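All residue numbers for the sequence shown refer to my numbering, where the first residue is 1 and numbers rise by one.
Here a beta-carbon is modelled for each residue, glycine too, at the ideal position from N, C-alpha and C.
Keep in mind the model is a prediction, meaning the values are calculated, not measured.
Notes follow once the structure below has been shown.
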Amino acid sequence: MDLQLRGTTALVTGAGSGIGRAVALALAAEGVRLALLDRDEAGLRETAELVNGEEERQDALMLVADVTDEAQVAAAVGAVDRLDAVVCCAGISGPVGSGIEDVTLAQWNAVLAVNVTGPFLVLKHALPALRAAGAASVVLISSDSAVVASPGMVPYCTSKAALVQFARALSVDLAGTGIRVNTVAPSVVDTPMSRGDLGDSAFDAPGFPVQSGDEVAAHVAYLASPRSRAVNGTTVLSDFGYSARSGFPA
Ligand code: NAP
1 MDLQLRGTTA LVTGAGSGIG RAVALALAAE GVRLALLDRD EAGLRETAEL
51 VNGEEERQDA LMLVADVTDE AQVAAAVGAV DRLDAVVCCA GISGPVGSGI
101 EDVTLAQWNA VLAVNVTGPF LVLKHALPAL RAAGAASVVL ISSDSAVVAS
151 PGMVPYCTSK AALVQFARAL SVDLAGTGIR VNTVAPSVVD TPMSRGDLGD
201 SAFDAPGFPV QSGDEVAAHV AYLASPRSRA VNGTTVLSDF GYSARSGFPA
């Protein structure tokens, strides 16, 4: 299926690693011109080199910025005049395995700042460029942690649930503008983040389903595409059906 993305422009945050990098490569392969944003300049440069080496050669725009800093976001995103898609992947997991009494206010604030305030700032400042496209798509990377929880990850789970409702509320606010807002909520994805949280050895013969960044990127590409124009204000929960199962022992 032709996703009809060729010649469009997208901004990808968190593009220096993991899912953001996979999304950048998937969109580049569809002929999308890219603005890549991350606070990690070295990671961003590596992604830009990979993107520029794709068959559809391009000079991806590199935007080094911290998504929690409004001045940096405004300067970075203001450099782009037209955006057919914005994909917000920048995120952190924060404390893992900590009971709430051991979570500091600074840790709590950091998780909410990156995972929730970050997309707010990026979209606030990207709105003129999204409006300029006429019909545009926003995709936020939430997590299955929006609907199920592992112990010791209260700030992360809270932030990811907030992101789902942020997307729904924004889709309602932007109704009639041609800008759609959807969320992808994957379970464990093999990236530096999950390896940092779980340890490399957990991925050797994992006793839990693992998906790749490329698989998440395929959902993003569909949601960014005009093929999904009727899909708005919703979440693609890619968790291998885990959360569908009832506790009823039948
Ligand atoms: P990753 O490999 O750590 O990549 C995240 C990227 O975002 C990194 O380059 C990181 O830079 C950047 N970033 C973090 N904070 C930032 C900030 N304040 N401003 C700008 N850039 C920032 O993680 P990932 O696994 O790809 O995760 C991407 C998204 O998917 C996150 O929102 C995550 O919550 C979500 N997700 C991940 C999984 C999973 O299992 N991996 C599952 C579900 C959802 P630094 O390296 O400098 O921090």
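Short Cβ contact (7 Å threshold) for residue i with residue j
i	j	result
A85	S137	yes
A15	T47	yes
K160	S150	no
G213	G18	yes
V220	V139	yes
A24	V51	yes
A185	S142	yes
L198	V181	no
D190	V210	yes
R21	Q58	no
V164	V122	no
T252	A205	Because the chain in this structure spans residues 1 to 250, residue 252 falls outside the shown range and cannot be described.
R227	L3	yes
I92	V154	no
T13	C88	yes
D102	S187	no
L11	A35	yes
Contact test: residue i Cβ vs ligand 3 heavy atom, cutoff 6 Å
i	result
R39	Ligand 3 is not part of the structure shown, which contains ligand 1 as its ligands.
Proximity test, residue i beta-carbon vs ligand 1 heavy atom, cut-off 6 Å
i	result
A90	yes
P249	no
D66	yes
S171	no
M153	no
A18	Ala is not the amino acid found at residue 18; the sequence shown has Gly there. True, at least one ligand heavy atom lies under 6 Å from that Cβ.
I141	yes
S212	no
V86	no
V220	no
V80	no
G207	no
T158	no
Delimiting residues of the beta strand (DSSP E) encompassing residue i
i	result
M62	L61 to V64
Q35	In the sequence as presented, Gln is not what sits at residue 35; that position holds Ala. Here the beta strand (DSSP E) through A35 covers R33 to D38.
One or two residues paired with residue i in a DSSP bridge
i	result
T183	L140 and T235
C88	T13 and L140
Q107	DSSP lists no partner for Q107.
V189	Q211
Alpha helix (DSSP H) segment containing residue i, residue limits
i	result
N52	E41 to N52
Q165	V154 to D173
F120	G118 to A132
I100	Careful: I100 lies outside any alpha helix (DSSP H) and carries neither H nor E.
E70	E70 to V77
L27	G18 to A29
Residue from the options with nearest C-alpha to residue i
i	options	result
M1	F240, D239, R229 and Y222	Y222
A224	D59, L83 and L37	L83
K124	L112, D38 and V67	V67
L44	R6, M62 and T177	M62
Y242	V148, V116 and L27	V148
D81	V236, T8 and A42	T8
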